[in-house]
Amino acid sequence: MPGYAQPTVEYIDPYSGEPDSYMVNQEINRKKHPIGSEYKLLYSREKRTAYEKKSNKVYREMEVCFFGLAVLIFIAGIVKLAMKVL
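Given below as structure tokens:
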């Protein structure tokens, strides 16, 4: 989509001091996060890797979508069963 991107964030590993990169898991708005702007990542000391903070908004949208799909499949099954009975 125009205006959205899935960027690769480059950062300096705080333990080794070497440059590393991380690909963002979701598309972000280019107007809100232009190239070169700050994008916050979390860092795991055990794995020594950067990662994104999980967004409840993204997962909530997926839950609503899957629930709606399940309801539609359920209604279609009931309608199909009702058509066989009649």
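Throughout, the numbering used here is defined as the position within the sequence shown, counted from one, plus 13.
Ideal Cβ positions, reconstructed from N, Cα and C, are used throughout, including at glycine.
Okay, do the stretch 49-68 and the stretch 80-90 touch, 3+ Cβ pairs below 8 angstroms being the bar?
The stretch 49-68 is not in contact with the stretch 80-90.
Report, in whole angstroms, the separation of the C-beta atoms of S34 and T21, which I expect to be a contact under 8 angstroms.
Contact flag correct, Cβ pair sits at about 5 angstroms.
In whole angstroms, give me the CA-to-CA distance for E59 and I48.
Between the C-alpha atoms of E59 and I48 there is a straight-line separation of about 30 angstroms.
Using the C-alpha atoms, what's the distance from I41 back to E23?
E23 and I41 have their C-alpha atoms some 16 angstroms from each other.
Endpoints, beta strand (DSSP E) assigned at D33
Unbroken beta strand (DSSP E) run through D33: P32 to M36.
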